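Visitor:
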Amino acid sequence: MSTATAQQEIHPKESMAFQAEVKQLLQLMIHSLYSNKEIVLRELISNASDAADKLRFEALANGALYENDSELKIRIAFDKAARTLTISDNGIGMSRAEVIANIGTIAKSGTKEFFNALTGDQAKDANLIGQFGVGFYSAFIIADKVTLTTRRAGVTEAVRWESAGEGDFTIEAADKTSRGTEIVLHLREGEDEFLSDWKLKTIIRKYSDHITLPIVMKKSEWKDGAEVATDEDETVNKASALWARSKNDITEEEYQEFYKHVSHDFENPLAYTHSRVEGKQEYISLLYVPAKAPFDLYDRDRRHGIKLYVKRVFIMEDAEKLMPQYLRFIRGVIDTSDLPLNVSREILQSSRDVDAIKAGSVKKVLGLLEDMAENKPEDYAKFYQEFGRVLKEGPGEDFANKEKIAGLLRFASTKADTDVQDVSFKDYISRMQAEQDVIYYITADSFAAAQHSPHLEIFRKKGIEVLLMSDRVDEWLLGSLTEFEGKKLQSIAKGDLDLGKLESETEKEIQKKIEEESKTLVEKIKQTLGSQVKDVRVTHRLTDSPACLVSDAQDLSGNLARILKAAGQNAPESKPILEINPGHKLVKRLENESAEAVFADLTHVLFDQALLAEGGTLEDPASFVKRMNSLIS
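Residue 534 in numbering that gives the first Met the number 0 is what sits at position 535 of the sequence shown, and the numbering runs on without skipping anything.
1. Using 9 Å as the threshold, is the C-beta distance between residue 465 and residue 439 below it?
2. Evaluate residue 430 with the Cβ neighbour count: other Cβ atoms within 10 Å of its Cβ, from every protein chain shown; 16 or more gives buried, anything less gives exposed.
3. What is the DSSP secondary structure of residue 270, reduced to helix, strand or coil?
4. Give a yes or no on whether the C-beta atoms belonging to residue 325 and residue 391 are separated by under 9 Å.
5. Could you spell out the range, first to last residue, of the beta strand (DSSP E) harbouring residue 486?
6. Span of the alpha helix (DSSP H) holding residue 396?
7. How many angstroms separate the CA atom of residue 106 from the CA atom of residue 539?
8. On a CA-only basis, which of 446, 536, 21 is nearest residue 162? Give me that one, please.
9. Does the structure place the segment 196 to 203 close enough to the segment 177 to 185 that three or more beta carbon pairs sit under 8 Å?
10. Could you check if residue 600 is buried or exposed, using at least 16 other CB atoms within 10 Å of its CB as the buried criterion?
11. Looking only at its own chain, which residues have a Cβ that is under 7 Å from the Cβ of residue 459, when we skip the five neighbours before and after it?
12. How about residue 160 and residue 102: do their beta carbons lie closer than 9 Å?
13. If you pair each beta-carbon of the segment 320 to 337 with each one of the segment 285 to 294, do three or more pairs fall below 8 Å?
14. Cα separation between residue 507 and residue 578?
15. My output table needs one value for residue 231: the three-state DSSP class, helix, strand or coil.
16. Can you have a look at residue 351 and say buried or exposed, based on whether 16 or more other CB atoms are within 10 angstroms of its CB?
17. What number of angstroms, rounded off, separates the C-alpha of residue 45 from the C-alpha of residue 77?
18. By the three-class DSSP mapping on this structure, what secondary structure does residue 619 have?
19. My assumption, with CB atoms under 8 Å, is that residue 329 sits in contact with residue 304. Please give the rounded CB distance.
20. Candidates 83, 173, 138: which alpha carbon is nearest residue 94's?
21. State buried or exposed for residue 476, treating a residue as buried only when at least 16 other CB atoms are found within 10 Å of its CB.
22. Using 8 Å as the cut-off, can you tell me whether the segment 67 to 77 makes contact with the segment 132 to 146, which would need three or more C-beta pairs spanning the two stretches below that distance?
23. To test your reading of the DSSP string, which unbroken beta strand (DSSP E) runs of 3 or more residues are found completely within the segment 153 to 238?
24. Using beta-carbon positions only, say whether residue 41 and residue 97 come within less than 9 Å of one another.
25. Would you please verify whether the beta carbon of residue 526 is less than 9 Å from any beta carbon of chain D?
26. Determine, using beta carbons only, whether residue 549 and residue 462 come nearer to each other than 9 Å.
27. Take every Cβ of the segment 362 to 382, pair it with every Cβ of the segment 268 to 277, and state whether three or more of those distances are shorter than 8 Å.
28. Determine the direct distance from the alpha carbon of residue 240 to that of residue 311, and round the result to whole angstroms.
29. Sort out for me which residues DSSP pairs residue 78 with in a bridge.
30. If you compare alpha carbons, which of 26, 553, 264, 363 is closest to residue 291?
31. Start and end of the beta strand (DSSP E) containing residue 307?
32. With distances taken between CB atoms, is the gap from residue 659 to residue 434 smaller than 9 Å?
33. For residue 254, which option in 67, 289, 278, 184 has the closest C-alpha, if you only look at C-alpha atoms?
34. Can you round the beta-carbon distance between residue 528 and residue 602 to whole angstroms, since I take them to be within the 8 Å contact cut?
35. By alpha-carbon positions, which one of 515, 614, 545, 553 ends up nearest to residue 533?
Below, the structure written as structure tokens:
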């Protein structure tokens, strides 16, 4: 009894339905990517290369997985009569469970967001699909049936998977003596270009020349006006590690195609840096900045950025020890001679060599971003739109590079009053008034809330620029970034407002006089609000609004407290300070109100309005409405 027959008794041929998202993705690909059919070969060759890398890595601990066949390669073959194109490898292969998991479902974070982002425009959707990653599924762009036969290294059972790419697939036991995977594409009508030796070699050299193991085809020759395959193998690609070659020998197109291989992205990268370090540490790095953010960018547990090689041997992917979290969007490879081939994640955690490689790589990336910001501002604007919020995590994670990262950050400001984040700290400092010695900012849960905050009134009147921060991560950023180039960062909604030399002595005298005259009113408001407030005082920040809320200098901002509460975290309890504008009509009415009940209603309305103006929510909206109706009527 053959292995397949024995296995068929255990696992008879089954028909299974694709996951709903897979069906949707298949239909989208076939229609949206049809004009870019050559990527099919690129994607399947890239998968085969990954399978070889995984075998090398697992074989470090278990050499028997090579099964006396350590010469790894990818083979491409075609059959004109049968109209099939075959891609096979002798890499790690897959078990039955792995086939079902890897091909029947999409276990990818951001799947829902991906489908929600689709527009129905084939050209735009093609970019989104490429960004999401298509891999094996791209086969159905040119094939109306795909047959995959695979055997995992070290396992005797093989499995055959087959589908027409519509709604289901079959899976059954198979006979396969060699490990690895063979994919047979049964080509659609009109796809005969993929049955041409010349065409296939052209595609391989264009998209996959950088693949580090040989891509082999049978040599062809012409007989009687027809192309005939010989028995002689021919390696089609260069089959050398692109990153190990001299930069002068690598074309721009080769750099771009290698990026697409390591990232499975369709778009060209925005920038890259290729360097060789020699001396105490020896390593090569080829690192890329993508043009688009992946859908799982904000899933901090997902890591798929850097591939680690030791002496050209693939060791592991997603080597989080080689790049900090705030640079998790960086793609590429690092190849070192300073680590053992059997390096483990535990060794990575405690290796001084790895720490040095990481520090050098981070410096390279930050230098690349600085160069882009200075010399290619349009590209940097694109980068920041995609990755700016992640970069803001940097100062809190990377103390050594805090100032450098801070210099790369961008914000909206009152200078333009648009939500475009294009103002750097250096830009702000260059425009500071002569007597100004701090960088002013305000945080809020939306740009509109920041832009229309009453706290800005005195700053607008005096022409003082304020940075408008409305990303959630800004609160985290400001917890670790308190100054830039010696200039303190100051919230305009926390603590006492002291404009220092930006106010004249006359203005300060007038403020003191108003405070003295308003003492009785302030005390009465404080008694009325009771435990709702920490304090009540006269404001000098308002020109048009009757009141505002501020946080004490050492307390959490109202915005941060709301963020923590929304995240289900317990924030330290802190009460706001109510500041009133004695010159406002509503406050003057309050001062002249003799009826205690009306005074109380006006006071609570004043407080609730201030809370709403800063983006807060009312504890008792019904009472607010009742008071408002009473006052209006």
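Glycine residues also receive a C-beta, built at the ideal position from the N, C-alpha and C atoms.
Note that the coordinates shown come from a computational prediction; the quantities given were computed from them, not determined experimentally.
Guide: So, from the data block:
1. yes
2. exposed
3. strand
4. yes
5. Here the beta strand (DSSP E) through residue 486 covers 486 to 490.
6. 393 to 396
7. Caution applies to residue 106, whose pLDDT of 47 falls short of 50 and renders its modelled position unreliable; the value that the coordinates give is listed next. Spanning the two alpha carbons is a distance of roughly 55 Å.
8. 21
9. These segments do not touch.
10. buried
11. 413
12. yes
13. Enough Cβ pairs lie closer than 8 Å, so yes.
14. 17 Å
15. strand
16. exposed
17. 18 Å
18. coil
19. For a cut-off of 8 Å, the C-beta gap from residue 329 to residue 304 is around 5 Å, short enough to register as a contact.
20. 173
21. buried
22. Contact between the segment 67 to 77 and the segment 132 to 146 is absent, because fewer than three Cβ pairs lie under 8 Å.
23. Runs of the beta strand (DSSP E) inside the segment 153 to 238: 157 to 162, 167 to 173, 179 to 186, 214 to 222, 225 to 234.
24. no
25. The displayed structure is made up of one protein chain only, and chain D is not part of it.
26. no
27. Here the segment 362 to 382 lies against the segment 268 to 277, with 3 or more beta-carbon pairs under 8 Å apart.
28. 7 Å
29. 83
30. 264
31. Segment 305 to 309, the beta strand (DSSP E) holding residue 307.
32. The shown model of the chain, from 0 to 632, leaves out residue 659, and the question about it has no answer.
33. 289
34. 6 Å
35. 553
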